[in-house]
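As structure tokens, the structure follows; a few thoughts come after it.
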Amino acid sequence: MPEANDCDTKHKPNAIPGPVEVMPDVQASRDRRHIAIDKVGVKNVTYPIILETPEGGRQHTIATIDMYVSLPHHQKGTHMSRFLEVLNENAEGVTPARIPAITREIRDRLDAETAHLKLDFTYFINKRAPVTRSPGLMDYRVAFECSSNAHDDFIMQVTAPATSLCPCSKEISRFGAHNQRCLITARVRFEGTLWIEDMARILEDAASTEVFSVLKRPDEKFVTEDAFEHPKFVEDIVRDLALALDADDRILWYEIDSENFESIHNHNAYATITRDKREG
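Numbering-wise (the working numbering), the sequence shown opens with residue 1443 and increments by one.
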């Protein structure tokens, strides 16, 4: 009978590893069709991110992340695992300040001419009711988009829910006017510091009135009358928003839209404006 420790030794792996198997790199092989691909990569990666707040705090949220690179005509495929390697090297939390550097790292790691990174997430703002000042968390949809080639290009997108009241309905009706909830969105290129809270305020100011998560009866009276006093078509919303962004020196370029969810029609009203202020 062998000793117990002899059996243990017998089943231990050899201390000297054998030769490492060399595996073919199929993705790096040449493709005979000679067709370049604009974007190839991974979509819908769920990942934690950290955002600073104007008050000096931090907000943790979960983002849906898309990562792509351009692929030259001669290369068969990209190395998908490298996208996640770059992301996981930032496991302590992706921050907005790090996004251009992460995009450049994706470009360099995959030896690509251009890389793209997009993060889509929910951001919460503590918003008090207009009269009673009752606190409540309002959720906003936010996206950060970055591309990197010869230079970095960063776009912030914020969508805010709001209320619009129809000027035509108010004018022709003996009692009241129909209103609807709307979603107002701005995609902006900017310089300097632009908080998500700044963009949310600009978007909400363009509507007939704001929406809140908590409203007591005095607050409900206020927002109802506020909307009635500021009737706006969807066209009015995007035009007023354009004026506000034109007056903000931080904004270099914008693409804005409003979608109004009609309450008396079975369709939505929509308007959009795009302008590059750098072109004068």
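Note that CB positions come from ideal geometry on N, CA and C, so glycine has one too. These numbers were taken from a predicted model, which means no experiment stands behind them.
Query                                                                                             : Result
C-alpha gap between I1544 and D1562, whole angstroms                                              : 16 Å
Y1582 beta carbon near the ligand HEM (any heavy atom closer than 6 Å)                            : Among the ligands in the structure shown, none appear at all, so the ligand HEM cannot be discussed.
S1615 versus C1608: straight-line alpha-carbon distance, rounded                                  : 11 Å
Environment of C1588 [buried if 16+ CB atoms lie within 10 Å]                                     : buried
Cutoff 7 Å; reference A1642; Cβ partners in own chain excluding five residues on either side      : I1567, Y1582, V1600, A1602
Nearest residue (CA-CA) to D1690, options H1709, E1633, E1721, E1646                              : E1633
Expected contact under 8 Å - CB spacing of F1654 and K1569 to nearest Å                           : 6 Å
Assigned exposure category for D1718 - 16 Cβ within 10 Å defines buried                           : exposed
Coarse secondary structure for V1536, derived from DSSP in three states                           : strand
Closest Cα partner of F1703 within the set T1605, A1554, E1534, K1481                             : T1605
Selection from A1585, L1685, V1573 that minimises the alpha carbon distance to I1491              : A1585
Sequence-distant residues of its chain with Cβ nearer than 8 Å to L1513 (five each side left out) : A1478, I1479, V1482, G1519, T1520, A1554
Cβ shell of H1709 (< 6 Å), same chain only, five flanking positions each side left out            : none
Boundaries of the alpha helix (DSSP H) in which C1610 is found, first to last residue             : 1609–1614
N1591: first and last residue of the uninterrupted beta strand (DSSP E) it sits in                : Taken as a continuous stretch (DSSP letters only), N1591 belongs to no beta strand (DSSP E), as it is neither H nor E.
With 16 other Cβ atoms within 10 Å as the buried cut-off, status of Y1510                         : buried
Own chain, CB closer than 7 Å to I1693, minus 5 neighbours either side, in chain order            : V1630, F1632, L1687, K1719
Residues that DSSP places opposite K1663 in a beta bridge                                         : None, per the DSSP bridge assignment.
Per DSSP, the bridge partner or partners of N1710                                                 : F1703
Nearest-angstrom Cα separation, counted from L1493 out to P1538                                   : 7 Å
Contacting residues, own chain, Cβ-Cβ under 6 Å from D1647 (five flanking each side not counted)  : none
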